[in-house]
Each structure stands twice: as C-alpha cells, then as structure tokens.
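Sequence lines, in order, name chains A and B.
Take the numbering used here: the final residue in the first sequence is number 229, and no numbers are missing along the way.
Take the numbering used here: the final residue in the second sequence is number 1241, and no numbers are missing along the way.
Beta carbons are placed, not taken as given, at the ideal position from N, Cα and C, and that holds for glycine.
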Amino acid sequence: MEFILRELFDPLVWQNSIIGYLRVFETGLLNTLTISAQSLVLAFVIGILVGVMRVSKGCLVNGIARAYVEAIRNTPLLVQLIIFYFGLGPLFGNNQTIPLVLGLGLFTGAYVAEIVRAGIQSVARGQMEAALSVGMTNTQAMSLIILPQAVRRILPALAGQFISLIKDSSLVSVFGFAELTHAASRVTAATFRALVPNVFVAIVYFVIAYTLSQGVSMIERRTARSGQV
Amino acid sequence: MVKCEAVSKWFGRLQVLQDINLEVVAGEVLVIIGPSGSGKSTLLRCINALEPIQKGKIWVDGESIHDTPPNKRHLVRRKVGMVFQQFNLFQNKTALQNITISPIHVLHLNRLDAEEKGRKLLEKVGLPEKADAYPAELSGGQQQRVAIARALALDPKLMLFDEPTSALDPEMIKEVLDVMKDLATTGMTMIVVTHEMGFAREVADRIIFIDGGMVIEESVPESFFTAPQQERTKTFLSKIL
C-alpha cells in the first residue's frame, strides 16, 4: 500500500511519465475530443431520426427502429467495435477513423433514440393536436412544437449519454487509435509505470465530463422560462 | 358550412357516434350539450379530422373530410379553428408566437405582417400587454383567450370550441365567454360544446342535445330550455339547471 502512495505522489515519476510525454497526451486528448465530437454528431442525428421513427404509427418504420435499438443495446460495445473495425473495415479502405466513429455513433445513437422517444412521449398529446388544428403538417408539428420541447426535457439525459460517449471512446485505444487512453498505454509501455499515467488520464476525463455536465445545467437554468432550448 | 351525414365512429368495439346527421349554415352558432362521454367532443374532433370516422360523410365548406387522405388533412384544418378544453397553447412559444407561428409556417406570411396581425388579435381578446409572456406565466382565462386568438389567426371559416371554459376558475369563465360572444356577433360560424347554459341560451341559434352518441333533441334555445320534448333531455336539464 505504502509504495503505491509513494509512487502516486512522487514528483520524479510525474516528471518522467507525464511532463516528459505531454506531447503524446496532448495529441491523445485532441483525438479523443475529435472522435467523440464526430460520433456525437452522428449519434444525435441517428437518435432524433430513430426516436421519431419509434413513435411512428407505421409498423414497418417502428419495427426497423426497434430492431436497431434492441440489437445495439443488447450486445457489448467492444464486440460491435470489433465487427466494425475488423469485420467491416475493408469497406472503408484503410481508414481507421470511419469504422470507429460509425461504431461509437451507432452505439450511442440507439440510447439517444430511446431518450428522444421518451421525450416526445412526455410532451402532452394536446400539443400535437393543437399544432395539427392550426393547419400544420405532421412534420411541421414535430419539428416546430414537439421536438424543441422534447429536447429541453431530455437535455440532462442526453448530456449523460454524451458524457458516456466520451468515456466509451477510450475503448478505441484497443484498435491502436491514438486517443487519450492509448497515450497512457504508450507511456506505460515506455516507462513501465501504469499508475500515474492512467490516473492522470482519468483526471483529464473527469475534467471534461464534469465541465460538460455543469455546462448543461447552466443551459437548463437559462431555458427554464420557455421550456425550449 | 358543415354537413354530417350518418356519421358513426367506434373506439375499438365501443360505438361513440351513431348515425349523426347535422347541418350548420354559415354564420350560425350551434351549441352542443350533453353528459360527459356522450360523444360531443368526439364529434367536434371528427369534424376537424383529428379523429377518423368509420362510417358516414362529413363536409366542411364544401370539402369532404371523410375521404381526405391523411397527408392532405392539414389543408382542410386550415379552414377550421379549434379551441381546446385544456387550452393546449404551445408551451415553448410566447403568446404572440403562439398566434403567429402558423401564419408564418403554414401560410408563409412574412413575419412582420404576421406579428402585426397577431397583435391585433391579442387586442381583440383583450390581452395586448401579454404578447411576450409564455403560457406558463398566464392565468387559465388568459391562456384560453390567447388560444382563441391563435385559432383565429388563420382566418378560419368555422370555429370549434371543445368545452372552452370547463377547465377554468369560475371567475375567469366570463372573460372567455365574452370573447366568444363578440366573435358570434361578427358572424363567425361556431360549433360550441359547453356546459354553460347561460351562454347557450343567449348566444346559440340552435342547440342539440347528444347522449350515447346520438342526437336526442334539436331545437332553438327558447323551446329547448322551456319546453324540451324528450324525456332524456328533461332529466338532464333538471339536473343542471
């Protein structure tokens, strides 16, 4: 126990395994943010689309959406990523990023879809009827009235999901993608020290995630009056 | 303006409307009364194509509702304004935006023109100072008056009122009824489902009494209240008057 504490607080260890490798961590952080942002956009688009499909009355549309959500939610993310990276990899030439973004985006998209569905269903039915009664089409009612209210309500849940996405993105280090967790692994391999680099990386993840959740709370407070973002 | 021919509707196996025949001419104020669950709200919603009917025919302003495909129904609804029991104002829009959103997005009116018209409508319902308030910041009566203005924003040829005062505090009922009375005097065609007998007596051109999904009695207000013909109407009136 004692040697662990000693290592954790040893300035020399920090100097050798963190300060000395700052460039590696920097690249890793940048790559983590990039792949998370790309997957986030994909997940959001898929989530809204599939979420709307899930409340559709059409059996086929609803069925397809449901099948997608269930398939994704009931299989491990790592297995999905392996399928995308190695199984479907040849489809994307030698590009390393596309299959991983696709994997992360489709995974998070399924969860976002369920959140969006719940959000839509939580907006009172009367809002839809009122929108239709003033001559809007279904699509207009959805995009002008229902979704803006739904998104505001599901903001905390969405933020949680996106924070999960950033943390889940650490899995792509398995495929040698040079993101934050991968940076820690590289430093571990070079210095034979696993504790400090990974604690450091954990702190960086924490700062990103915590900042995000605080930012969302702020948006929530600011939009309390109209109930829309 | 509105014609219903042998309209029948079922929810699952429960028949909620049975062979309803009804005609409303332009400028007429028709009041529908009846006990809860009698089908009066459903009838209104069928006229506005919010609910499909299984049998019969409905025309509004010469257009048939019964065979309009789902993707064309919004075109028919533009001619019909509807006011709901629970107001159903768009919670994410201010009072003015509630009124202008449909002219802007549905009729593609330019925003300034729509707002000018919106402010006039707010004035008409007595709420010019509430343009920028959100629904949650308005009282029930104020919300309902905004809802009436919203329904009027598309210049409808027909207004449907579904128990517009049933969810209101007694003090606020009058302000909403006054707006409706004004509207009636301008010659608007109106179908009003209500439990406000005073309003029915004063404003209605004709009253129908519905129970069990059927039209039980139909007459002018005077004879409806003083000399109802049907037993069922008499018992109903004796309970509420």
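- Message: Can you confirm whether the segment 1182-1191 of chain B touches the segment 1010-1028 of chain B when touching is taken to mean that 3 or more C-beta pairs between the two stretches lie within less than 8 angstroms?
- Response: yes
- Item | Spatial distance of Thr27/A from Glu179/A (CA atoms) | 7 angstroms
- Taking Cβ-Cβ distances below 7 angstroms as the criterion, which residues of the segment 1097-1122 of chain B are in contact with chain A? Ile1101, Ser1102, His1105 and Val1106
- Message: So the candidates are Ile1173/B, Lys1157/B and Asp1132/B; which of them puts its Cα closest to the Cα of Arg1145/B?
- Response: Ile1173/B
- Bridge partners - Lys1055/B, DSSP secondary structure assignment: Ser1008/B
- Quick one: what does DSSP say Ser17/A is sitting in, helix, strand or coil? helix
- Tell me, please, whether the CB atom of His1074/B is closer than 9 angstroms to any CB atom in chain A? yes
- Task: Can you give me the start and stop residues for the beta strand (DSSP E) that Gly1081/B sits inside?
- Result: Val1080 to Val1083
- Query: What are the boundary residues of the alpha helix (DSSP H) that includes Asp1182/B?
  - Reply: Pro1170 to Thr1185
- Message: Going by beta-carbon coordinates alone, are Ala1048/B and Gln127/A separated by less than 9 angstroms?
- Response: Looking at the sequence itself, residue 1048/B is Asn, so the reference to Ala does not match. No, Cβ-Cβ distance for Asn1048/B and Gln127/A is not below 9 angstroms.
- Can you list the residues of chain A that Gln1086/B reaches, using a CB-CB cut of under 7 angstroms? Gly126
- Query: Is Ala1227/B buried or exposed, if buried means 16 or more other CB atoms sit within 10 Å of its CB?
  - Reply: exposed
- Message: Please tell me whether Asn138/A has its Cβ less than 9 angstroms away from any Cβ of chain D.
- Response: Looking for chain D here will not work: the only protein chains present are A and B.
- Item | Beta bridge counterpart(s) of Arg1206/B as assigned by DSSP | Leu1030/B
- Query: Quick one: Cα of Ala194/A to Cα of Ser185/A, how far?
  - Reply: 8 angstroms
- Item | From Arg1077/B, Pro1052/B, Pro1069/B and Pro1070/B, residue whose alpha carbon lies closest to that of Val1060/B | Arg1077/B
- Task: Just confirm the distance between the C-beta atoms of Ile145/A and Ala131/A, as a whole number of angstroms; I'd bet it's less than 8 angstroms.
- Result: 4 angstroms
- Item | Minimum Cβ-Cβ distance from Glu231/A to chain B less than 9 angstroms | There is simply no residue 231/A to check, as chain A begins at 1 and stops at 229 in what is shown.
- Query: Got a sec, what are the start and stop residues for the beta strand (DSSP E) Thr1189/B sits in?
  - Reply: Thr1189 to Val1193
- Which chain B residues are close to Pro148/A, counting only those with a beta carbon under 8 angstroms from its beta carbon? Asn1092
- State the CB to CB distance for the pair Thr1233/B and Ile1216/B, rounded to an integer number of angstroms; the pair is presumed to be in contact (CB under 8 angstroms). 6 angstroms
- Message: Suppose the cutoff is 7 angstroms on Cβ atoms and the five residues either side in sequence are ignored; what does the same chain contact list for Ala1200/B look like?
- Response: Val1031, Ile1033, Thr1194, Ile1207 and Pro1221
- Task: Quickly, what does DSSP pair Leu1160/B with across the bridge? List them, please.
- Result: Met1082/B and Ile1191/B
- Between Glu1005/B and the ligand ZN, is the CB less than 8 angstroms from at least one heavy atom? Among the components of this structure there are no ligands whatsoever, and the ligand ZN is therefore not found.
- Task: Check each residue of the segment 1043-1059 of chain B: if its Cβ is closer than 7 angstroms to any Cβ of chain A, include it; give the result in chain order.
- Result: Asn1048 and Leu1050
- State the Cα-Cα distance for the pair Leu1109/B and Pro1103/B, rounded to the nearest angstrom. 6 angstroms
- Query: What do you get for Gln1097/B, buried or exposed, if any count of 16 or more other CB atoms within 10 angstroms of its CB means buried?
  - Reply: buried
- Message: Output needed for Ser170/A: all residues of its chain with C-beta closer than 6 angstroms, excluding positions within five of it in sequence on either side, in chain order.
- Response: Thr181
- For Lys1093/B, which three-state DSSP category applies? coil
- Query: Candidates Met1082/B, Lys1117/B, Lys1130/B and Val1016/B: which alpha carbon is nearest Met1180/B's?
  - Reply: Met1082/B
- Query: Got a sec? Which residues, its chain only, sit under 7 angstroms from Lys1079/B by beta carbon, not counting five neighbours each side?
  - Reply: Val1060, Asp1061, Pro1156, Lys1157 and Leu1158
- Go ahead and pull the three-state DSSP assignment for Asn1088/B. coil
- Message: Judging by CA-CA distance, which residue of Leu77/A, Phe9/A and Met53/A is the nearest neighbour of Asn62/A?
- Response: Met53/A
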